[in-house]
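Residue numbers (my numbering), protein chains in the order written: chain C, 42 to 233; chain S, 522 to 866.
Cβ coordinates follow ideal geometry from the N, Cα and C atoms, glycine included.
In what follows, a single structure is set out as structure tokens and then discussed.
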Amino acid sequence: MLADYSILLIGAILVNNFVLVQFLGLCPFMGVSNKLETAMGMSAATTFVLTLASVCSYLVFNYLLAPLGLEYLRTISFILVIAVVVQFTEMVVRKSSPLLHRVLGVYLPLITTNCAVLGVALLNINKEHNFLQSLFYGFGAAVGFSLVLVLFAAMRERLAVADVPVPFKGAAIGMVTAGLMSLAFMGFAGLV
Amino acid sequence: MALLRVTSPHAHGPASTQKVMQQVLLATVPGVIALIHFFGFGVLVNIAWAALLALAFESLALKLRGRELGFYLKDCSALVTAVLLGVALPPYSPWWLIAVGMASAILLAKHLYGGLGYNPFNPAMVGYVVLLISFPVQMTTWEAPRGVGEVPGLLDALRACFTPASFDGTTAATPLDVLKQNNSLLLENLWAAEPVFGRWAGIGWEWANIAFLAGGLWLLYRRIFTWHAPLAFLAVLALMAALFYDGGSSASGGSPLFHLLSGATMFGAFFIVTDPVTSAVSVRGRLVYGALAGLLVYLIRVWGNYPDAVAFAVLIMNFAAPFIDHYTQPRTYGHRKPAKRREES
Chain C
42 MLADYSILLI GAILVNNFVL VQFLGLCPFM GVSNKLETAM GMSAATTFVL
92 TLASVCSYLV FNYLLAPLGL EYLRTISFIL VIAVVVQFTE MVVRKSSPLL
142 HRVLGVYLPL ITTNCAVLGV ALLNINKEHN FLQSLFYGFG AAVGFSLVLV
192 LFAAMRERLA VADVPVPFKG AAIGMVTAGL MSLAFMGFAG LV
Chain S
522 MALLRVTSPH AHGPASTQKV MQQVLLATVP GVIALIHFFG FGVLVNIAWA
572 ALLALAFESL ALKLRGRELG FYLKDCSALV TAVLLGVALP PYSPWWLIAV
622 GMASAILLAK HLYGGLGYNP FNPAMVGYVV LLISFPVQMT TWEAPRGVGE
672 VPGLLDALRA CFTPASFDGT TAATPLDVLK QNNSLLLENL WAAEPVFGRW
722 AGIGWEWANI AFLAGGLWLL YRRIFTWHAP LAFLAVLALM AALFYDGGSS
772 ASGGSPLFHL LSGATMFGAF FIVTDPVTSA VSVRGRLVYG ALAGLLVYLI
822 RVWGNYPDAV AFAVLIMNFA APFIDHYTQP RTYGHRKPAK RREES
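Written out as structure tokens, the structure is:
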């Protein structure tokens, strides 16, 4: 039982890392990784939303869509669920903790378009996860995303001052680095 | 390049890049001799061909970027990369395999990032991992060491590298491979059943590792690097092996001594993990860096798909090194508390 869930977690964080192995959520990975601090804000916000959205979409699918025979509507309804979760999170955070809102505020709306969030929701259904598994899978995906985003941000701060040839400056060398990282993460294959 | 904010006092170091690189080259000699003794001249052919290619690719990149050839070629860093990759590759590899590896190492991992000092990943390990993932068959075919099979001569080695004709040789699974495939025999019986095992680890491998250890200790004595990263690396690897040894059952991960003297352990600990450019640079950072690399090596060796893991572990830790540095900045000289990590700018 416990082993099953830890395998699910390690699988989602390292072996099938959403960014470096499944190539989901690449836009925030490239877009918000210029500074370590913003990357951390994004990570925190994404972790929260991803976990919540994973669970919510599971509930919507199993207690609303499946009984009504509307499974074919899952993609559009999940998008709706994610948008609602993001909006709800923003409202709660703004009212309850203005400080946190200042830190996360800018990134919250961006998460709506993060394909890793929708990816987790859909993969939960494909893999027939139950409620707890959905929770762990969503959380693991978020931790994996946060881990590589934060590490990548620290590295890009260093790349910003490297003597990179002009055609490769900026996003290009970022992509090369992400590719090399993806290569390194293949070493985790077979761990679970 | 390490951008730690370290405040004064600064001391001038007399070591130049060229001198450091030459000493590293010198320190690989015992290990290379041991490898040649046990695996034949294929090792030497690997290194020579890799060195030639390294100089060629380095010159090409410098030419394209309009840099002064003589100055940058003389720092010997390309040669070090060539030796490290040549040692890591299986002997008797075909010429194109080494060429692809060296191109990835020098052009992709080093000069795309601006050359020596800017590369975030260890070039030799990038070359190795690119090859391991692209050509797994060639990269896991190791010649049987002397004592298990016959070792080919120099002519055969050259023929194996540069002509498509194959030669009469015996290949054998590496000890790490054999241990990984084993799921029925007690370690004691496995040792007796498989000829590749020697006194502590694999025949040939144990002595190559000891030779690399000797070279590494000499570098340590010459103060080319500090003891932190290699010691943390080896200690954590041994600790993990001790925790999961379980007395040598069929599910055992192998004894600590086996892991310390197998595969690329000592070579990795003293020649790869200590790379001043791609590893963490603060003292505490090096401890963390080495320890995590040791942990990853054990995880991937025992539970992953690949028999050895030094290259993967090092690349993953290279990726984490800037982050580790960010959180292990040394305190400012003369101040009691660690300096505030990051002033508002």
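- Would a C-beta distance cut-off of 8 Å place C/T234 and C/V184 closer than the cut-off? No information on residue 234 of chain C is available, as it lies outside the stretch 42 to 233 that chain C covers here.
- Message: Using only the alpha-carbon positions, how far apart do S/I821 and S/P696 sit?
- Response: 15 Å
- Query: S/F718 by DSSP, collapsed to three states: which one?
  - Reply: strand
- Note down, in chain order, all residues in the segment 194 to 209 of chain C with a beta-carbon under 9 Å from any beta-carbon belonging to chain S. A194, A195, M196, R197, E198, R199, L200, V202, A203, D204, V205, P206, F209
- Task: Would you verify that the beta carbon of C/M132 is, or is not, closer than 8 Å to some beta carbon of chain S?
- Result: no
- Min CB distance S/M522 to chain C below 8 Å: Caution applies to S/M522, whose pLDDT of 47 falls short of 50 and renders its modelled position unreliable; the model cannot decide the point.
- Task: Flag S/N826 as yes if its beta-carbon sits less than 8 Å from any beta-carbon of chain C, otherwise no.
- Result: Chain C has a Cβ within less than 8 Å of the Cβ of S/N826.
- Query: Rounded to whole angstroms, how far is the Cβ of C/S118 from the Cβ of C/V144, which I believe are closer than 8 Å?
  - Reply: In fact, because the Cβ distance is near 30 Å, the residues do not count as touching under 8 Å.
- Query: So C/S74 and C/A162 are in contact, right, with Cβ under 8 Å, and what is the actual spacing, rounded?
  - Reply: In fact, because the Cβ distance is near 24 Å, the residues do not count as touching under 8 Å.
- Task: Within its chain, find whatever has a CB closer than 6 Å to the CB of S/A563; leave out the 5 residues flanking it on each side and keep chain order.
- Result: Ala is not the amino acid found at residue 563 of chain S; the sequence shown has Gly there. Excluding sequence neighbours, S/G563 sits near P612, Y613, A678.
- Item | 7 Å Cβ cut-off: residues of chain S touching C/A230 | Per Cβ cutoff of 7 Å: G825, N826.
- Query: Going along chain A, which residues have a C-beta under 7 Å from S/Y639?
  - Reply: Judged by its chain identifiers, the structure shown contains no chain A, and its protein chains are C and S.
- In the structure shown, what three-state DSSP assignment does S/E727 receive? helix
- Query: Mind checking C/F172: buried by the 16 CB within 10 Å criterion, or exposed?
  - Reply: exposed
- What whole-angstrom Cβ distance do S/V818 and S/A830 have, given they're in contact under 8 Å? 5 Å
- Message: Out of C/L188, C/L190, C/G215, which one is the CA nearest neighbour of S/P641?
- Response: C/G215
- Message: Using a Cβ-Cβ cutoff of 9 Å, what residues of the segment 798 to 822 of chain S are near chain C? List them in chain order.
- Response: L817, L820, I821
- Task: Please confirm whether S/G815 and S/V757 have their CB atoms less than 8 Å apart.
- Result: yes
- Item | Supposed contact pair C/G110 and C/V233 - C-beta distance, whole angstroms, cut 8 Å | No, C/V233 and C/G110 are not in contact; Cβ-Cβ is about 35 Å, not under 8 Å.
- Query: Should C/A157 be flagged as near chain S, meaning a C-beta pair shorter than 8 Å?
  - Reply: no
- Give the secondary structure of S/R852 by DSSP, where H, G and I count as helix, E and B as strand, and everything else as coil. The three-state secondary structure of S/R852, taken from DSSP, is coil.
- Task: On the DSSP bridge assignment, give the partners of S/T692 in chain order.
- Result: S/E664
- When every heavy atom of the ligand ATP is checked, does at least one fall within less than 7 Å of the C-beta of S/P657? Here there are no bound small molecules, and the ligand ATP is not part of this structure.
- Query: In chain C, which residues lie less than 7 Å from S/H847 when you measure between Cβ atoms?
  - Reply: L77, A195
- Please check if any C-beta of chain C sits within less than 8 Å of the C-beta of S/R586. Yes, S/R586 lies at the interface with chain C (some Cβ there is under 8 Å from its Cβ).
- Can you pull the chain C residues whose beta carbon is under 8 Å from the beta carbon of S/A830, in chain order? G228
- Message: Using only the alpha-carbon positions, how far apart do C/V62 and C/L114 sit?
- Response: 28 Å
- Query: Is it buried or exposed for S/H749, if we count other Cβ within 10 angstroms and need 16 for buried?
  - Reply: Result: buried.
- Task: Would you list the residues sitting across from S/G670 in a DSSP beta bridge?
- Result: For S/G670, which the question treats as bridged, DSSP gives the partners S/R667.
- Task: Using a Cβ cut-off of 9 Å, pull out every chain S residue sitting near C/G218, in sequence order please.
- Result: It should be pointed out that residue 218 of chain C corresponds to Thr in this sequence rather than to Gly. By Cβ distance, chain S contributes Y634, P641, F642, F840.
- Task: Could you give the DSSP three-state label for C/V202: helix, strand or coil?
- Result: coil
- Would you mind working out which of S/W617, S/G725, S/I619, S/P644 sits nearest S/L629, comparing C-alpha positions? S/P644
- Item | Close-in-space but distant-in-sequence residues of the same chain around S/Y854 (CB under 8 Å, 5 per side omitted) | The residues are T528, S529, P530.
- Is it true that the segment 583 to 591 of chain S meets the segment 754 to 772 of chain S, where meeting means three or more beta-carbon pairs spaced less than 8 Å apart? no
- Supposed close pair S/V608, S/T549 - CB separation, criterion 8 Å: 7 Å
- Considering S/R807, what are the terminal residues of the alpha helix (DSSP H) in which it resides? 804 to 824
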